[in-house]
Amino acid sequence: MIQVQNLVTKYGDFTAVDDVSFTAEAGRVTGFLGPNGAGKSTTMRVMTGLTPATAGTATVLGTPYANLTNPGRHVGVLLDASAQHAGRTGREILTLGAMTLGIDNRRVDQMLEVVGLTQKESKRRVRNYSLGMRQRLGLAHALLGDPKVLILDEPANGLDPAGIRWMRDLLGTFADEGGTVLLSSHLLHEIERIADDIVVIGRGRIVAQGTKEELLRPSGSMVRSIDDQKLQAALVAEGIEVTQMPGGGLSVDADTPRVGSIAFSAGLMLTELRGADSQGLEEMFLTLTSDDARQEAAA
Amino acid sequence: MSTAVGSTAVETRPAAEAVHKGFHLPSIDTPVSPVGFGRLVRIETRKQVDTLAGRWFLIVMGLVVAVAIAVMLFVEQGDHSYSAYLQASGIPLAIMLPVLGILSATQEWSQRTAMTTFALEPRRGRIVAAKLTSTVLLGLAAVVVAMVLAAGGRLIADLRGAQTPWDMDLALIGGATLMMVLFVLQGLAFGLAFLNTPAAIVTYFALPTLLPLMTLVSWLQTAYQWIDLSVTTAPLTMGDALTGEQWAKLAVSVALWIGVPLVIGVWRVLRREVK
Chain A
-15 MIQVQNLVTK YGDFTAVDDV SFTAEAGRVT GFLGPNGAGK STTMRVMTGL
35 TPATAGTATV LGTPYANLTN PGRHVGVLLD ASAQHAGRTG REILTLGAMT
85 LGIDNRRVDQ MLEVVGLTQK ESKRRVRNYS LGMRQRLGLA HALLGDPKVL
135 ILDEPANGLD PAGIRWMRDL LGTFADEGGT VLLSSHLLHE IERIADDIVV
185 IGRGRIVAQG TKEELLRPSG SMVRSIDDQK LQAALVAEGI EVTQMPGGGL
235 SVDADTPRVG SIAFSAGLML TELRGADSQG LEEMFLTLTS DDARQEAAA
Chain B
2 MSTAVGSTAV ETRPAAEAVH KGFHLPSIDT PVSPVGFGRL VRIETRKQVD
52 TLAGRWFLIV MGLVVAVAIA VMLFVEQGDH SYSAYLQASG IPLAIMLPVL
102 GILSATQEWS QRTAMTTFAL EPRRGRIVAA KLTSTVLLGL AAVVVAMVLA
152 AGGRLIADLR GAQTPWDMDL ALIGGATLMM VLFVLQGLAF GLAFLNTPAA
202 IVTYFALPTL LPLMTLVSWL QTAYQWIDLS VTTAPLTMGD ALTGEQWAKL
252 AVSVALWIGV PLVIGVWRVL RREVK
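Residue numbers (our numbering), protein chains in the order written: chain A, -15 to 283; chain B, 2 to 276.
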């Protein structure tokens, strides 16, 4: 379990992390979502004792990270897959990690296998690795000590769709076995695919948090029937707000079972009924990222 | 379905399919033990030589020493004392080895491995202590290598009928050992103070060239005798015991060029944010 309480990190006048509080529960994958520069990485560095907090606390497994005995045996950390010596082989990096943790060297081969790096690839120097391979190596390094907690900053960066699915399954297994996973991303669809719980951060502040279902729950339904006008009348009669969509069909401010039952009572056959696209989180996220979007378009 | 995804994927791996129902992450039975200092020293020593740059550095150093001994063997049929051979092999090492000390400190930041190092051992002082120890050990190992190569050179000279006595001077060996250790520590101290490879290397090598300029200013000449390490360490390789004043000069220059940068460096490493 990871607990962050009223965390503040300031650089001079600039407040990178502003009164952030959240908990990443054991047995869950918690997604830390926010645009670039929102304070995700800074928060994660504070959690792992690499950056001092100006105020507030961050604990991992109930203890400040720096007080853990042999922290690598409790917490797997991957903050930047590229932060490795380019002139070392992947295997050597894992061997150094295993030496520090005081664990058997066989673990190196096991973890290489888990992340899908071949023996041949492990003997190449990291400068020749693609970003995806570096992420896999970083994940292998994080898993070396058989930790109970994983703290991963942008681990899906550089992975292809198959790689993202693989990571989701791997982290899902880790959480199912009782582990805590906190992973960050600046991409909503990545977090949607991997996380159980979501914490959204923007400009250093938490703007939303909850389970994925809560945050992504559609606020209404989309419905089409053989006679939309009759259906609309039936729905309005129940006091439900209805909007006609330009391309046909109705946008209804009620969940799908309710709409279905009203249509059934009215004897109307439905041709389509589904939850409305979850606009809430995406819109909030777009607002947060609009400043950065300009830069991305330029780049 | 995985094949459909795989056909558009840039990079598909068997592991993409390896995670399935019933997959378990392998666990470890070894109980959690604290990270011992001996372990850290071993790791820091290994890190100084396990990179591509580190490997080549050792190879080049070996070649330079071999060339130096070969030159000795050509000059006057190689008829020199063991001490002369030891100087020939030890001096190139003393010049180059401090670079490994510099890199040990700076690479953590230039290659950003500090993120891993300090995540696995948050007590940064212990890492610095391990680096100090490993650097001293490396210096001592270099002295042993220099002695062995010098002996090899002198043995070849013996086969060719050298007349000069071996003259194994213990004062010289002790002095050369101390000098080697001081030089590699100076390298590490500069590395820690700058935390930047080019700045540390340039400063380290520019100092012995720039400091003698002090002798051009009359009122700095005395001070120069006390602060230039290359001057104050010179008696160590003369094979005579140092006088009290020579020790005092050595102490002052060591405090200035090893002590001060080391204090600055430790302070910076302990406080610096790791990014």
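From the three backbone atoms N, C-alpha and C, an ideal C-beta is built for every residue, glycine too.
In the three-state scheme derived from DSSP, where H, G and I count as helix and E and B as strand, K24/A is classed as helix.
Counting only unbroken stretches of 3 or more residues, the beta strand (DSSP E) elements lying wholly within the segment 19 to 83 of chain A are 39 to 44 and 59 to 62, in sequence order. Between G260/B and A194/B, the CB-CB gap reaches or exceeds 9 Å.
Note on the segment 230 to 256 of chain B: whole alpha helix (DSSP H) runs with a minimum of 4 residues are 230 to 233 and 245 to 255, in chain order. Taking a C-beta distance under 9 Å as the contact criterion, P48/A and A120/B do not qualify as a contact pair. For Q94/A, there is no enclosing beta strand (DSSP E); the residue is part of the alpha helix (DSSP H) that begins and ends at R90 to V99. Using a CB distance cut-off of 9 Å, I44/B counts as an interface residue toward chain A.
Under the rule that a run must span 4 or more residues, the alpha helix (DSSP H) segments found entirely inside the segment 143 to 217 of chain B read 171 to 195 and 198 to 211.
If you check each beta-carbon in the segment 48 to 76 of chain A against every beta-carbon of chain B, the ones closer than 7 Å belong to Y49, A50, T53, N54, P55, G56, R57, V61, L63, D64, A67, Q68, H69, A70, G71, R72 and E76. For F(-2)/A, there are no C-beta contacts with chain B under 8 Å, since the nearest C-beta of that chain is about 13 Å from it. The C-beta of Q108/B comes closer than 9 Å to at least one C-beta of chain A. Counting only runs that start and end inside the segment 103 to 146 of chain A, the alpha helix (DSSP H) elements of at least 4 residues fall at 103 to 106 and 115 to 127. Cβ proximity to chain A below 8 Å picks out F24, H25, L26, P27, S28, I29, T31, V33, S34, P35, V36 and G37 from the segment 23 to 38 of chain B. Taking the Cβ atoms as the reference, G129/A lies roughly 5 Å from L85/A, within the contact range of under 8 Å. Cβ-Cβ separation between S205/A and R258/A: approximately 7 Å, consistent with a contact (criterion under 8 Å). When DSSP states are grouped into helix, strand and coil, S28/B belongs to the coil group.
As computed with DSSP, V(-12)/A is found in a beta bridge with F6/A and A42/A. Only buried fits S105/B, as 16 or more other CB atoms lie within 10 angstroms of its CB.
At a beta-carbon threshold of 8 Å, the residues of chain B lying near F158/A are L26, ordered along the chain.
For T157/A, the three-state secondary structure derived from DSSP is helix. For T157/A, the closest C-alpha among the options V133/A, H170/A, L199/A and L143/A is that of V133/A. Given a length threshold of 4 residues, each whole run of the alpha helix (DSSP H) inside the segment 149 to 212 of chain A is given here in chain order: 172 to 178 and 196 to 200. Residues are counted here when their Cβ sits less than 8 Å from a Cβ of chain B; for the segment 7 to 20 of chain A the count is zero.
Residues of chain B whose Cβ lies closer than 7 Å to the Cβ of G33/A are, in chain order, P123.
Excluding residues up to 5 positions away in sequence, G18, P19, A22 and L272 lie with their Cβ nearer than 8 Å to the Cβ of G186/A in the same chain.
Its chain contains S84 and G240 as the residues whose beta carbon lies nearer than 6 Å to that of L173/B, once the 5 sequence neighbours on both sides are disregarded; these appear in chain order.
Across the segment 224 to 246 of chain B, no CB contact with chain A closer than 7 Å is found for any residue.
About 15 Å separates the Cβ atoms of I202/B and V61/B, ruling out a contact at the 8 Å cut-off. For E138/A, no CB of chain B lies under 9 Å from its own CB, so it is not counted at the interface with that chain. In the structure shown, Q112/B adopts coil according to DSSP, grouped into three states.
Under the 10 Å beta carbon count, R29/A is surrounded by 16 or more other beta carbons and is classified as buried.
Per DSSP, the unbroken beta strand (DSSP E) holding R258/A starts and ends at L254 to G259.
By the neighbour-count criterion, in which a residue is buried when 16 or more other Cβ atoms sit within 10 angstroms of its Cβ, Y(-5)/A is exposed. Interface residue (Cβ-Cβ distance to chain B less than 9 Å): E176/A is not classified as such.
For chain B, the residues of the segment 98 to 119 of chain A that bring a beta carbon within less than 9 Å of one of its beta carbons are V98, V99, G100, L101, T102, R109, R111, S114, G116 and M117, in chain order. For T14/A, the beta-bridge partners assigned by DSSP are L166/A and D181/A.
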